[in-house]
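*Asks:* Protein chains in written order, with this note's numbering: chain A, 1296 to 1712; chain B, -6 to 156.
Okay, handing you the structure first.
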Amino acid sequence: MAATIAEKIFSMKCGRAVRAGDVVMAPVDAAMIHDITGPLAVRVFREMGGEHVYDPERIIMLFDHQIPADSIPAAENHVFMRQFAQEQGIHNYDLLEGVCHQVVMEKGRAAPGEIIVGTDSHTCTYGAAGAFATGIGSTDMGFVLKFGALYFRVPESLRIEVDGTFGRRVGAKDLILSLAGDIGADGATYMALEFTGGAIREMNMAGRMTCANMAIEMGAKAGIVPPDAATWAYVAARRDIEPFDLASDPDAAYAGRRQYDVTDLAPQVAVPHNVDNVVDVGDVAGTKIDQVFVGSCTNGRYEDLAEAAEVLGTADRFAAGIRVIVIPASRTEYLKALRAGLIERFVEAGALVEAPCCGPCMGGAFGLLAPGEVSLSTSNRNFRGRQGSTQASVYLASPATAAASALYGEITDPREV
Amino acid sequence: MRAWKFGNDIDTDAIIPGRFLTIYDPAELAKHAFEGTRDEFAKGAREGDVVVAGTNFGCGSSREHAPLALLGAGIRVVVAESFARIFYRNAVNTGLLPLICAEAGEIRDGDTVSVDIGGGFIAVNGKQFAVESVPGFLQTIVEAGGLVAYAKGLERVETCSTK
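Take a look at the structure:
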């Protein structure tokens, strides 16, 4: 019986054929916890009577949301988590490596066919590695820490077929924003998005991660890019693994199929205060902005920084009066950008380059907005109050659009710079 | 009990903003529920009040602080046209009952709502609206009083690969 890739992953894990709608208690290959939602998961684990985690080697711990500690309670959370890691024998990346989703990917902790959970909604990022990865709450994570398994409803899949070739300075972020606009903030609730087609096959891993990352912004449980040579090369460079076939059957049953062509896609912008409120950049060009943020699990990789730097070109300075915050997604990506001279260019042009962390995206640590201020951000959410005051406005766009806008102090089409 | 009416796409950042996520105590979280977007909620919500919303309630961040903040404010039931997936599950796990009601849009802010879980309906202004109870496997968790209570008695679980 034909199956989607999501159904195949659950079937592999269960050792029998399961299909969309089935509820299974599935073993979990890896579980990620961070400094915000991790402490609650640990408390729940203990309330459940947990003494030893199911397998310390399958638990990924790191701190990225409030680092270096921005408050005494945050510092206390870090201490609490460090003690738990030590007591349980869990490897803790602590605050050294960067944003959780980038770190899980670049350390090879996600691979095709795995089931991975994380106490962070953007855990779906690991679908770029061909894994079934989904965000869960802290209580579910307490259960996973104790038992190494979790209830899942095997999801229906929505097949996204993307063809064509991106125009100059248009890319993965523009595609995923346009999909959010088309599908809507709850258009894929409880489903797995399956990203296929020529434009996805041509896309590098950084772009695939950007797409899978934002599956949750359409309500999806997972966003999966079926593994191909690029996926296997990425994963095999990071862990010992032999490629195997993992793809949906041609006659698999989907909840829907949608076809897109990126050839004429314009740079996209999500306007306040919903991620599915998406327009062509031309519709909002000229909007004055106070802050630009380039970074996050969505767009903080070397490729994203290079895209922004290419638009910056040889310009002397960003626009007068604008604050530009650049945060590489990980230490590894930071070093790549540093060695390529990108960090020097950003600093010369007037950017504040911060150490790898979530930064303004989570609206708790720093880079907050005052009432009436406007931010253009490469991150994933523009909810009211997400980056500070509920009276502030956040626009979402690609690194290229962010750099172009930073040069002019207003939302700017990167193709016109 | 009083209905607190909200619109569509209420995200968990709105329910509890990111800067309060170092707090874990429901009563303390409740003091900041809907801060900046609906300040009167934290002061006015009473034990047993009901949150009523449109579609996609609880979208965005997986923060369990969101259902905890509502529980801390005395809310035991959220009625919405639809829920975001992670919030729905977090609510069940923490003992906040999410009820899907196609006619939630007919309920106005300040209406008096009574919930008959066994009967599968809510009563508002003399009308009854059907609500969808949580699906079978989650019902077990609801009946246990949340996932912690459910898990406490278990030494291990049978997974689909061992069954």
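Ideal placement from N, C-alpha and C gives every residue a C-beta, glycine not left out.
(1) Taking C-beta to C-beta, are residue 124 of chain B and residue -6 of chain B nearer than 7 Å?
(2) What's the C-alpha gap between residue 1479 of chain A and residue 1571 of chain A?
(3) Could you please give me the residues that DSSP links to residue 76 of chain B through a beta bridge?
(4) Out of A/1663, A/1434, A/1344, A/1544, which has the shortest C-alpha to C-alpha gap to residue 1587 of chain A?
(5) What does a CB cutoff of less than 8 Å around residue 1360 of chain A pick up in its chain, not counting 5 residues either side in sequence?
(6) The beta strand (DSSP E) that contains residue 1334 of chain A, what's its start and end?
(7) Between the region 1411 to 1432 of chain A and chain B, which residues of the former have CB atoms less than 7 Å from a CB of the latter, in chain order?
(8) Would you say residue 1549 of chain A reaches chain B, if we count a Cβ-Cβ gap shorter than 7 Å as a contact?
(9) Please list, in chain order, the residues of the region 1645 to 1679 of chain A that have any C-beta partner in chain B closer than 7 Å.
(10) If you run the structure through DSSP and keep just helix, strand and coil, what is residue 1539 of chain A?
(11) Inspect the beta-carbon positions of residue 1455 of chain A and residue 1488 of chain A and report whether they are closer than 7 Å.
(12) Where do the N-terminal and C-terminal ends of the alpha helix (DSSP H) with residue 1633 of chain A fall, by residue?
(13) Could you tell me the boundaries of the alpha helix (DSSP H) in which residue 143 of chain B lies?
(14) Could you tell me the alpha carbon to alpha carbon distance between residue 1592 of chain A and residue 112 of chain B, rounded to whole angstroms?
(15) Could you name the residues of chain A that residue 151 of chain B contacts, counting a contact when the two beta carbons are closer than 8 Å?
(16) So, under 8 Å CB-CB, residue 1394 of chain A and residue 1595 of chain A are touching, yes? Tell me the CB distance rounded to an integer number of Å.
(17) Pull up the distance between the alpha-carbon of residue 1357 of chain A and that of residue 1396 of chain A, whole angstroms please.
(18) For residue 85 of chain B, which of B/96, B/19, B/69 has the nearest alpha-carbon?
(19) Taking only the alpha-carbon atoms, compute the straight-line gap between residue 1617 of chain A and residue 1448 of chain A and give it to the nearest angstrom.
(20) Using the beta-carbon count (16 or more within 10 Å), is residue 1363 of chain A buried or exposed?
(21) For a contact defined as C-beta to C-beta under 9 Å, what are the partners of residue 1309 of chain A on chain B?
(22) Based on Cα-Cα distance, which residue from B/11, B/41, B/17 lies nearest to residue 27 of chain B?
(23) Apart from the five residues just before and just after residue 1430 of chain A, which ones in its own chain have a Cβ nearer than 8 Å to its Cβ?
(24) Excluding five sequence neighbours on each side, which residues of the same chain lie with their C-beta closer than 8 Å to the C-beta of residue 1708 of chain A?
(25) I'd like to know whether the C-beta atoms of residue 51 of chain B and residue 77 of chain B end up nearer to each other than 7 Å.
(26) Taking its Cβ as the centre, do 16 or more other Cβ atoms sit within 10 Å of residue 62 of chain B, making it buried, or is it exposed?
(27) Pick out whichever of B/66, B/0, B/45 has its Cα sitting closest to the Cα of residue 19 of chain B.
(28) Which residue spans inside the region 1637 to 1688 of chain A form an unbroken alpha helix (DSSP H) run of at least 4?
(29) Which value, in whole angstroms, describes the spacing of the CA atoms of residue 89 of chain B and residue 1315 of chain A?
(30) Using DSSP with H/G/I as helix, E/B as strand and the rest coil, what is residue 1378 of chain A?
(31) What's the gap between the Cα of residue 1544 of chain A and the Cα of residue 1472 of chain A?
(32) If the cut is a Cβ gap below 9 Å, which residues of chain B does residue 1334 of chain A touch?
(33) So, does the CB of residue 1331 of chain A fall closer than 7 Å to a CB anywhere in chain B?
(34) Give the DSSP-derived three-state secondary structure of residue 1427 of chain A in the structure shown.
(35) For a quick check, are the C-beta atoms of residue 1517 of chain A and residue 1427 of chain A less than 7 Å apart?
(36) When you compare the CB of residue 1569 of chain A with every CB in chain B, is at least one pair closer than 7 Å?
*Replies:* Taking the definition as stated:
(1) As a working note, residue 124 of chain B is residue 131 in the second sequence. As a working note, residue -6 of chain B is residue 1 in the second sequence. Taking 7 Å as the Cβ cut-off, residue 124 of chain B and residue -6 of chain B do not qualify as a contacting pair.
(2) Position 184 of the first sequence holds residue 1479 of chain A. Position 276 of the first sequence holds residue 1571 of chain A. For residue 1479 of chain A and residue 1571 of chain A, the distance between alpha carbons rounds to 5 Å.
(3) The residue you call residue 76 of chain B lines up with position 83 of the second sequence. Answer by DSSP bridge pairing, in chain order: B/50.
(4) Numbered from 1 along the first sequence, position 292 holds the residue referred to as residue 1587 of chain A. Residue 1587 of chain A has its Cα closest to that of A/1663, out of A/1663, A/1434, A/1344, A/1544.
(5) Here residue 1360 of chain A corresponds to residue number 65 of the first sequence, with the count starting at 1. Only 1329, 1330, 1331, 1652, 1653, 1657, 1659, 1660 meet the Cβ criterion.
(6) By one-based count along the first sequence, residue 1334 of chain A stands at place 39. Taken as a continuous stretch (DSSP letters only), residue 1334 of chain A belongs to no beta strand (DSSP E), being part of the alpha helix (DSSP H) at 1333 to 1342.
(7) 1414, 1415, 1416, 1430, 1431, 1432
(8) Taking the first residue of the first sequence as 1, we reach residue 1549 of chain A at position 254. So no, residue 1549 of chain A is outside the interface.
(9) 1657, 1658, 1659, 1676, 1678, 1679
(10) The residue labelled residue 1539 of chain A in the question sits at position 244 within the first sequence. Residue 1539 of chain A falls in the coil class under three-state DSSP.
(11) Here residue 1455 of chain A refers to the residue found at position 160 when the first sequence is read from its first residue. Here residue 1488 of chain A refers to the residue found at position 193 when the first sequence is read from its first residue. Yes, the Cβ-Cβ distance between residue 1455 of chain A and residue 1488 of chain A is below 7 Å.
(12) In the first sequence, residue 1633 of chain A corresponds to position 338, counting from 1. Run containing residue 1633 of chain A: 1626 to 1634, per the alpha helix (DSSP H) assignment.
(13) Mapped onto the second sequence, residue 143 of chain B falls at position 150. It spans 140 to 145 - the alpha helix (DSSP H) in which residue 143 of chain B sits, taken as one unbroken run.
(14) Your numbering for residue 1592 of chain A matches position 297 in the first sequence. Your numbering for residue 112 of chain B matches position 119 in the second sequence. Distance between the alpha carbons of residue 1592 of chain A and residue 112 of chain B: 45 Å.
(15) In the second sequence, counting from the first residue as 1, residue 151 of chain B sits at position 158. Correct list: 1320.
(16) Working through the first sequence from its first residue, we reach residue 1394 of chain A at position 99. Working through the first sequence from its first residue, we reach residue 1595 of chain A at position 300. Right, their Cβ atoms sit about 6 Å apart.
(17) As a working note, residue 1357 of chain A is residue 62 in the first sequence. As a working note, residue 1396 of chain A is residue 101 in the first sequence. Rounded to the nearest angstrom, the two C-alpha atoms are 10 Å apart.
(18) Counting from 1 along the second sequence, the entry for residue 85 of chain B is found at position 92. Ranking B/96, B/19, B/69 by Cα distance to residue 85 of chain B puts B/69 first.
(19) Taking the first sequence and counting its residues from 1, the one referred to as residue 1617 of chain A is at position 322. Taking the first sequence and counting its residues from 1, the one referred to as residue 1448 of chain A is at position 153. C-alpha separation (whole angstroms): 46 Å.
(20) For the purposes of this step, residue 1363 of chain A is identified with residue 68 of the first sequence, where counting begins at 1. Counting Cβ neighbours within 10 Å, residue 1363 of chain A comes out exposed, since fewer than 16 surround it.
(21) The residue labelled residue 1309 of chain A in the question sits at position 14 within the first sequence. Residues of chain B passing the Cβ test: 152, 153, 154, 156.
(22) Reading the second sequence from its first residue, position 34 is the one you call residue 27 of chain B. Here the closest residue by C-alpha is B/11.
(23) Taking the first residue of the first sequence as 1, we reach residue 1430 of chain A at position 135. So the list reads 1412, 1413, 1414, 1415, 1416, 1417, 1418, 1419, 1511, once near-sequence residues are dropped.
(24) Counted from its first residue, the first sequence places residue 1708 of chain A at position 413. 1561, 1562, 1576, 1577, 1580, 1696, 1699.
(25) Start at 1 with the first residue of the second sequence, and residue 51 of chain B comes out as number 58. Start at 1 with the first residue of the second sequence, and residue 77 of chain B comes out as number 84. Their beta carbons are under 7 Å apart, which means residue 51 of chain B touches residue 77 of chain B by this criterion.
(26) In the second sequence, the residue the question calls residue 62 of chain B occupies position 69. That one is buried.
(27) The residue given as residue 19 of chain B occupies position 26 in the second sequence. With distances taken between Cα atoms, residue 19 of chain B lies closest to B/66.
(28) 1637 to 1643
(29) Here the question's residue 89 of chain B lines up with position 96 in the second sequence. Here the question's residue 1315 of chain A lines up with position 20 in the first sequence. Near 26 Å, if we compare the C-alpha coordinates of residue 1315 of chain A and residue 89 of chain B.
(30) Counting from 1 along the first sequence, the entry for residue 1378 of chain A is found at position 83. It is helical.
(31) Counted from its first residue, the first sequence places residue 1544 of chain A at position 249. Counted from its first residue, the first sequence places residue 1472 of chain A at position 177. The alpha-carbon atoms of residue 1544 of chain A and residue 1472 of chain A are separated by roughly 28 Å.
(32) Position 39 of the first sequence, counted from the start, is the residue given in the question as residue 1334 of chain A. Chain B residues near residue 1334 of chain A: 15, 17.
(33) As a position in the first sequence, residue 1331 of chain A is number 36, starting the count at 1. Residue 1331 of chain A counts as touching chain B.
(34) Walking along the first sequence from the start, residue 1427 of chain A turns up at place 132. It is a strand residue.
(35) Here residue 1517 of chain A is taken as the residue at index 222 of the first sequence, counted from 1. Here residue 1427 of chain A is taken as the residue at index 132 of the first sequence, counted from 1. The answer is yes: Cβ separation under 7 Å.
(36) On the first sequence, residue 1569 of chain A is found 274 positions in, with the first residue counted as 1. True, the Cβ-Cβ gap to chain B drops below 7 Å.
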